[in-house]
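Taking it in order: structure first as structure tokens, then the write-up.
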Amino acid sequence: MKVRFFAMAWNWGIEAFCNSTLPSLMQPDNIPWLVSHGFDVSLNVYTLAKDAAELRTALNNALQNAAPLGDAFAVNVGPIDLDPSDSASLKRIAFLTECRLAVEEGSPIHVTGADCVYGNGSIRNICVYGRKPGIAIAVLYARVKQDPFLRLLSEYRRAFPREPLPNAKLVDMALRTPIDAIAHSYVDVDRNASLRSGTAFRQISDDIHASVYHLPGPVMFWPNESDIAFIDQSCGGVVESIDHLWPAKLVAERRWRIMASTDLFFYVELNDGSTERLHSYPLEDGRLFNEDYELGLPHTLLSQNVVATFRREPYLSRPS
Numbered sequence: 004m005k006v007r008f009f010a011m012a013w014n015w016g017i018e019a020f021c022n023s024t025l026p027s028l029m030q031p032d033n034i035p036w037l038v039s040h041g042f043d044v045s046l047n048v049y050t051l052a053k054d055a056a057e058l059r060t061a062l063n064n065a066l067q068n069a070a071p072l073g074d075a076f077a078v079n080v081g082p083i084d085l086d087p088s089d090s091a092s093l094k095r096i097a098f099l100t101e102c103r104l105a106v107e108e109g110s111p112i113h114v115t116g117a118d119c120v121y122g123n124g125s126i127r128n129i130c131v132y133g134r135k136p137g138i139a140i141a142v143l144y145a146r147v148k149q150d151p152f153l154r155l156l157s158e159y160r161r162a163f164p165r166e167p168l169p170n171a172k173l174v175d176m177a178l179r180t181p182i183d184a185i186a187h188s189y190v191d192v193d194r195n196a197s198l199r200s201g202t203a204f205r206q207i208s209d210d211i212h213a214s215v216y217h218l219p220g221p222v223m224f225w226p227n228e229s230d231i232a233f234i235d236q237s238c239g240g241v242v243e244s245i246d247h248l249w250p251a252k253l254v255a256e257r258r259w260r261i262m263a264s265t266d267l268f269f270y271v272e273l274n275d276g277s278t279e280r281l282h283s284y285p286l287e288d289g290r291l292f293n294e295d296y297e298l299g300l301p302h303t304l305l306s307q308n309v310v311a312t313f314r315r316e317p318y319l320s321r322p323s
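One rule links them: number in the working numbering = place in the sequence shown (from 1) + 3.
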């Protein structure tokens with residue numbers, strides 16, 4: 004089975020992808036596990052034409068310390084010759100191009116951001132489960148404050164320089180450095196932001212947090228021609244709208260799956276101050292135990308019936 008990993012990186016995203024995302028993808032139970040167990044993997048990174056040479060160099064440098072994976076692992080750079088200010092068109096072209104190539108090959112796509120950190124084993128788990136053709140898998144993730152999170156990650160690397168980063172320790176780091184929207188979405192208090200943020204967190208114990216998570220993101224999927232037409236026409240090809248519109252089609256076609264446990268899959272998305280402000284929501288009174296979301300879409304209503312679990316393990320505890 005072949006899996007296509009799809010990413011976009013230009014400008015600042017090149018450094019972020021090569022310093023954060025790629026090393027976490029190359030942990031032992033992520034992409035290397037796939038290759039050693041018979042998967043054929045391609046990492047396809049789209050960029051501005053003007054940044055293609057810089058990206059190739061950065062990718063080569065970032066992979067120098069990784070164990071060689073042979074012919075079953077390929078890295079491809081896809082240059083797009085457009086005005087850098089037109090980011091919407093860049094994302095549209097890259098995403099639809101990757102979907103069409105996946106349909107031609109009959110393979111699934113795993114989507115990754117330029118500024119993500121994955122737990123070790125997450126990629127193995129989603130790809131093993133995602134062998135079933137046609138399905139789309141949504142997962143749990145958290146937005147974190149970039150600088151505080153990276154400080155914790157640096158502490159972990161110093162304490163355990165040869166250890167991969169398990170999901171539970173990544174969850175612990177995320178819960179210590181959440182963006183304000185997540186910190187304000189705990190619903191055991193009356194005043195919170197859960198109706199707008201789409202997340203209703205509750206702390207069950209020191210190591211278990213639960214959530215009604217209305218917008219889990221589709222991360223791995225088998226696209227077909229009707230998906231490409233839907234995304235191109237109904238979503239306008241805008242990548243940001245896919246989380247809100249495309250899942251309704253997948254639910255109707257009984258293709259939608261949710262990995263509702265961080266032990267199965269978890270990643271964090273790094274947010275600096277400007278990004279965090281885009282995900283800021285007002286605090287409202289009268290929201291004690293709220294599990295409603297302001298948008299009543301088919302997949303958000305479906306998600307309201309799912310209790311997702313976030314299991315944490317102190318990030319500086321000895322790896323088990």
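A virtual CB, placed ideally from N, CA and C, is assigned to each residue, including glycine. Because the structure is a prediction, the values reported are computed rather than measured.
Exposure of R194 is indicated by the presence of fewer than 16 other C-beta atoms within 10 angstroms of its C-beta.
DSSP, reduced to helix, strand and coil, places A145 within a strand of the structure shown. Here Y159 carries a helix assignment [DSSP, helix/strand/coil].
Scanning its chain for C-beta atoms nearer than 6 Å, with the 5 sequence neighbours on each side dropped, one finds around L273 the residues D118, Q149, in chain order. For I96, the uninterrupted alpha helix (DSSP H) segment begins and ends at 90-108.
A direct Cα-Cα distance of roughly 12 Å separates I207 from V310. Runs of the beta strand (DSSP E) lying entirely within the region 206-273, each at least 3 residues long, are 211-216, 220-224, 259-262 in chain order. With fewer than 16 other CB atoms across the displayed protein chains lying within 10 angstroms of its CB, R321 is exposed.
F163 and L173 have their C-alpha atoms roughly 14 Å apart. Between Y296 and L198, the C-beta spacing is below 8 Å. The beta carbons of V222 and A145 sit no closer together than 8 Å.
Rounded to the nearest angstrom, the gap between the Cα atoms of R161 and Y318 is 12 Å.
In terms of Cβ geometry, V106 and V44 do not form a close pair [threshold 8 Å]. The beta carbon of P136 sits closer than 6 Å to the beta carbons of W225 from its chain, once the five residues preceding and following it are set aside; these are given in chain order. Cβ atoms of H302 and V254 come within 8 Å of each other, at about 5 Å. Using a Cβ-Cβ distance cut-off of 8 Å, the region 167-183 and the region 287-295 are not in contact, since fewer than three pairs of beta carbons, one from each stretch, lie closer than that value. Linking S214 to L143 through their CA atoms gives a straight-line distance of about 10 Å.
Across the structure, D210 and R315 are spaced so that their CA atoms are roughly 5 Å apart. Between F233 and W249, the C-beta spacing is below 8 Å.
Exclusion of the five residues before and after A77 leaves S45 as the residues of its chain whose Cβ lies within less than 6 Å of its Cβ.
V48 sits buried, since 16 or more C-beta atoms from the chains shown fall within 10 Å of its C-beta. Distance from the CA of N128 to the CA of G16, rounded to the nearest whole angstrom, comes to 26 Å. Assignment of G73 by DSSP, reduced to helix, strand and coil, places it in the helix class.
DSSP, read as helix, strand or coil, puts F204 in strand.
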